[in-house]
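Read the structure below first, then the notes.
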Amino acid sequence: MRSAGTAAVVVAVRVLGVMTAMIKLVNLTVCYQRHPAVHHVSGEFLSGSLTAIVGPNGAGKSTLLHAIMGLLPLQQGQIIHQLDKQHIAYLAQQTRVNRQFPLSVLDTVNQGHWQKLGLSQKLSAAQQTASLAALNAVGLAGFAQRQVNSLSSGQFQRVLFARIIAQDCPLILLDEPFNAVDARTTHDLISVIQVWSAQGRTVIAVLHDFDQVRQHFPHALLLAREVLAWGESHDVLSADNLRRAKAMAESWDEQARVCLR
Ligand code: ADP
Ligand code: MG
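Oh and the sequence shown: position 258 is 337 in my numbering, straight run, nothing missing.
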């Protein structure tokens, strides 16, 4: 079920068409301990677009998602968007997700509603139904009462996608959603992403499989701490661009540059 607020945002996106920027980055630099993780990034994620962020390890991909979420101070530049935190759904890299706590699959999906409700309020019957429908959509009908710590990593990733369905947000950020996930699950979850895209949501996913990006993600941002290319995937993922990204990663010196301010 979609809340009135989210429906309004998605409808507005559709009316305005795909030329509107959902997120605009202006000369963005983000540092850790004064060392830039991403620097001088400018560009736009268009409303309703489906974009892959690719680049070598340490390129700043996760950092960029965290910055868009508003979780990191900006050293320089701006991130311009009209979204409240509750309008952004975020899936962290699996290595950063703790699932060793006793929680059922249904409770985990229900967390998607809590972002809007606040923890103290009770879920409505419609929201409970929406959670079960979300589980059905990710191929986990019948798993509602299972404990998440008994699931395979692929099944757990399906649960997290169901939670995003329950969140019902116009902007969805996914950090390496298919790592440690089997081919069948990847295939099914790409279908879920395609549904989100067809619904007019803006989806940004950090990915490593270039063929997957070419096939399913019309836009790509190639990041190597700075923007190497940003546009249509087939252009961005040229052999020349990928060579440049690799060469830049090989020359990174973790201690070399320090932000001046
Ligand atoms: P990617 O997701 O592309 O692999 P990250 O955004 O995780 O890259 O990291 C970019 C750079 O910032 C790396 O050099 C990484 O070591 C560094 N970094 C990431 N998180 C932190 C942190 N919390 N503290 C200090 N440095 C960090
Ligand atoms: Mg990362």
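Don't be surprised by glycine CBs; every beta carbon is placed ideally from N, CA and C. For clarity, every value in this text was computed on a predicted model and none was experimentally measured.
| task | For Val306, write down the residues that DSSP places opposite it in a beta bridge. | result | Leu302
| field | Beta-carbon contacts of Leu307 that lie in its chain and below 7 angstroms, excluding the five residues immediately before and after | value | Leu301, Asn320, Arg323, Ala324
| said: On the criterion of 16 or more Cβ atoms from any shown chain inside 10 Å, does Gln224 qualify as buried, or is it exposed? | reply: exposed
| Considering Gln207, what are the terminal residues of the alpha helix (DSSP H) in which it resides? | 204 to 216
| message | Buried or exposed, going by whether 16 or more other CB atoms sit within 10 Å of the CB of Phe240? | response | buried
| request: With DSSP as the reference, label Trp331 as helix, strand or coil. | output: coil
| request: Let me know the secondary structure DSSP gives Ser126 once reduced to three states. | output: coil
| message | Could you compute how far the alpha carbon of Gln236 sits from the alpha carbon of Leu250? | response | 19 angstroms
| request: Have a look at Asn258 and His287 and give me their C-alpha separation to the nearest angstrom. | output: 9 angstroms
| request: For Ser330, collect the residues of the same chain with a Cβ closer than 6 angstroms to its Cβ; drop the 5 residues on either side in sequence, then sort them by chain order. | output: none
| 7 angstroms Cβ cutoff met for Val227 and Thr264 | no
| message | Our contact map puts Val105 next to Gln157 with C-beta atoms below 8 angstroms; I'd like the distance itself, whole angstroms only. | response | 4 angstroms
| query | Does the Cβ-Cβ distance between Phe184 and Leu143 come in under 7 angstroms? | reply | For the record, residue 184 in the displayed sequence is Val; it is not Phe. Contact flag unset, no.
| task | Compute the minimum distance between the beta carbon of Lys195 and the heavy atoms of the ligand ADP, and state whether it is under 6 angstroms. | result | no
| request: Please determine, among Ser312, Gln278, Ala277, the residue with the shortest C-alpha to C-alpha distance to Gln294. | output: Ser312
| query | Closer than 7 angstroms from C-beta to any heavy atom of the ligand MG: which residues, in chain order? | reply | Lys140, Ser141, Gln172, Asp254, Glu255, Val285
| field | Length of the line joining the Cα atoms of Ala328 and Gly139 | value | 11 angstroms
| message | For the ligand ADP, I want to know if Tyr169 counts as a neighbour, meaning its beta carbon is within less than 6 angstroms of at least one of the ligand's heavy atoms. | response | no
| query | So the alpha helix (DSSP H) Asn189 belongs to, where does it begin and stop? | reply | 184 to 196
| task | Using only the heavy atoms of the ligand ADP, determine whether one of them is closer than 6 angstroms to the beta carbon of Asn136. | result | yes
| request: Look up Gln165 in the DSSP assignment and say whether it is helix, strand or coil. | output: helix
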